[in-house]
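See structure below.
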Amino acid sequence: MSTMQPITATPSAQRLSTLRATFRRREAGTFIVSKYHTAPIKIAKAFPLEGQLGVIVMDVSPGLLDGDRYDFQWNVEDGAHVYVTNQSFTKVHPSHAASSGSSMSQRFELGQGAVVESMPEPVMLYRDAAFASESEVRLSRGALWMGADVFCPGRTPRGERFAYREFRNKLNVYYGNELIYAQHQRIEPSRQELFAPGCMAELTHTGVFYAFSDRIGMPEADVVREALNVLPKHEGQPLIWGVSLTYKYGFAVMAAGNAAWVLQEALEAAWSSLRLHLLHLQPLNFLR
Numbered sequence: 001m002s003t004m005q006p007i008t009a010t011p012s013a014q015r016l017s018t019l020r021a022t023f024r025r026r027e028a029g030t031f032i033v034s035k036y037h038t039a040p041i042k043i044a045k046a047f048p049l050e051g052q053l054g055v056i057v058m059d060v061s062p063g064l065l066d067g068d069r070y071d072f073q074w075n076v077e078d079g080a081h082v083y084v085t086n087q088s089f090t091k092v093h094p095s096h097a098a099s100s101g102s103s104m105s106q107r108f109e110l111g112q113g114a115v116v117e118s119m120p121e122p123v124m125l126y127r128d129a130a131f132a133s134e135s136e137v138r139l140s141r142g143a144l145w146m147g148a149d150v151f152c153p154g155r156t157p158r159g160e161r162f163a164y165r166e167f168r169n170k171l172n173v174y175y176g177n178e179l180i181y182a183q184h185q186r187i188e189p190s191r192q193e194l195f196a197p198g199c200m201a202e203l204t205h206t207g208v209f210y211a212f213s214d215r216i217g218m219p220e221a222d223v224v225r226e227a228l229n230v231l232p233k234h235e236g237q238p239l240i241w242g243v244s245l246t247y248k249y250g251f252a253v254m255a256a257g258n259a260a261w262v263l264q265e266a267l268e269a270a271w272s273s274l275r276l277h278l279l280h281l282q283p284l285n286f287l288r
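The sequence shown begins at 1 in UniProt numbering and counts up one residue at a time.
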């Protein structure tokens, strides 16, 4: 984990940074056919992986400062297969009390039979941070989107535990024009009893893994449960998790613990088991 001190930006207008990319399936695999970015985010590297394309996103800034807005648009055409990750933790720095903080939005457009695996590194919410994350996924017939996130409540070894101002997280998933999943989370630690039993209690970190496709049903959820049931136990590191089918064409894994790496291990197990079951492809965790 980075030891970099958080940076407090002076109040300013919103600063928008954009990354747009289009991926196309060709005989030799998936390729980027167009891309556009503005500083400080860009695609640092793209590399072939057994017919799919791996993409690493770079942020050359120290993290999201007060007023920063990141906007990602991923267009994955019919039959293309993309794995997306980033270089390191997304660090969200403090914001001023009168500001709306920083934000990140992502839009994934998947053509017929397209596959997207979105597996970024964890999000770190520093003291006094205010952060809004919003994602939209649009699926065509036969497409598959898998995505995971881990959220850290601050630099816990330094005593930061839910010291941020606000965290909002939204995910909307469409199959064609039908909304098949909607999630909206809002955490304001100063106004909520996060340490109460039935809420976070003694746990600090949360993680989610989602998978959506018209190929997903109870058998796929059962495969993931089996993988999570055989996870190794780590002394002094609690982990709770659950797997639930969504309203239509998907399931969600929710997990909580006291360390990011414990949740990453669990979500990677869920991801890898589904990847092997649906795509007949081996895990990609060698990339970590």
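Note that beta-carbon positions come from the ideal geometry of N, C-alpha and C, so glycine has one too. Nothing here was measured: the structure is a model prediction, and the numbers come from that model.
Nearest-angstrom beta carbon gap, residue j and residue i [assumed within contact, 8 Å]
i: Ile-180; j: Tyr-249; result: 6 Å
i: Val-116; j: His-205; result: Not really, about 25 Å apart at Cβ, beyond 8 Å.
i: residue 325; j: Arg-15; result: Since the displayed the chain opens at 1 and closes at 288, residue 325 lies outside it and no answer follows.
i: Ala-255; j: Trp-241; result: 4 Å
i: Leu-284; j: Gly-207; result: At roughly 17 Å, the Cβ-Cβ gap does not stay under 8 Å, so Leu-284 and Gly-207 are not in contact.
Selected residue, minimal CA-CA separation from residue i, among the options
i: Glu-27; options: Ile-216, Arg-161, Pro-48, Arg-165; result: Pro-48
i: Val-173; options: Ser-190, Ala-80, Ser-135; result: Ser-135
i: His-277; options: Ala-221, Arg-24, Ala-252; result: Ala-221
i: Lys-42; options: Asp-71, Ser-95, Gly-51; result: Asp-71
i: Asp-77; options: His-96, Lys-91, Ala-114, Ala-98; result: For the record, residue 77 in the displayed sequence is Glu; it is not Asp. Per the Cα distances, Ala-114.
i: His-184; options: Glu-178, Gly-207, Leu-171, Glu-193; result: Leu-171
i: Gly-63; options: Gln-52, Ser-95, His-37, Arg-191; result: Ser-95
i: Phe-108; options: Leu-284, Val-137, Arg-24, Ser-88; result: Val-137
i: Val-73; options: Thr-90, Leu-263, Tyr-36, Ser-88; result: Per the sequence shown, residue 73 should be read as Gln rather than Val. Nearest of Thr-90, Leu-263, Tyr-36, Ser-88 to Gln-73, Cα basis: Tyr-36.
i: His-234; options: Gly-257, Asp-66, His-93; result: Gly-257
i: Ala-211; options: Pro-197, Leu-144, Arg-20; result: Leu-144
i: Met-200; options: Met-218, Leu-239, Ala-46; result: Leu-239
i: Glu-202; options: Gln-237, Ala-97, Pro-219; result: Gln-237
Assigned exposure category for residue i - 16 Cβ within 10 Å defines buried
i: Gln-106; result: buried
i: Ser-190; result: exposed
i: Gly-111; result: buried
i: Gln-192; result: exposed
i: Ala-21; result: buried
Proximity below 9 Å, CB of residue i to CB of residue j
i: Tyr-83; j: Gly-54; result: yes
i: Met-146; j: Phe-209; result: yes
i: Ala-270; j: Ala-148; result: yes
i: Leu-267; j: Arg-275; result: no
i: Glu-166; j: Phe-131; result: yes
i: Arg-215; j: Val-243; result: no
i: Thr-90; j: Pro-40; result: no
i: Gln-52; j: Thr-38; result: no
i: Ala-46; j: Ile-32; result: yes
Residues sharing a beta bridge with residue i, DSSP
i: His-37; result: Leu-19
i: Gln-73; result: Arg-20, Arg-107
i: Ala-130; result: Glu-166
i: residue 322; result: Residue 322 lies beyond the stretch modelled for the chain, which goes from 1 to 288, so this question has no answer here.
i: Ile-180; result: Beta-bridge pairing links Ile-180 to no other residue.
i: His-205; result: Gly-257
i: Pro-48; result: Leu-53
i: Ile-187; result: Phe-167
i: Asp-68; result: Arg-15
i: residue 312; result: The structure shown does not extend to residue 312, since the chain is modelled only from 1 to 288, so the question has no answer here.
i: Leu-245; result: Phe-251
i: Cys-152; result: Met-124
i: Glu-136; result: Arg-107, Asn-172
Any non-hydrogen atom of the ligand GTP closer than 8 Å to residue i Cβ
i: Gln-192; result: Ligands are entirely absent from the displayed structure, and the ligand GTP is therefore not among its contents.
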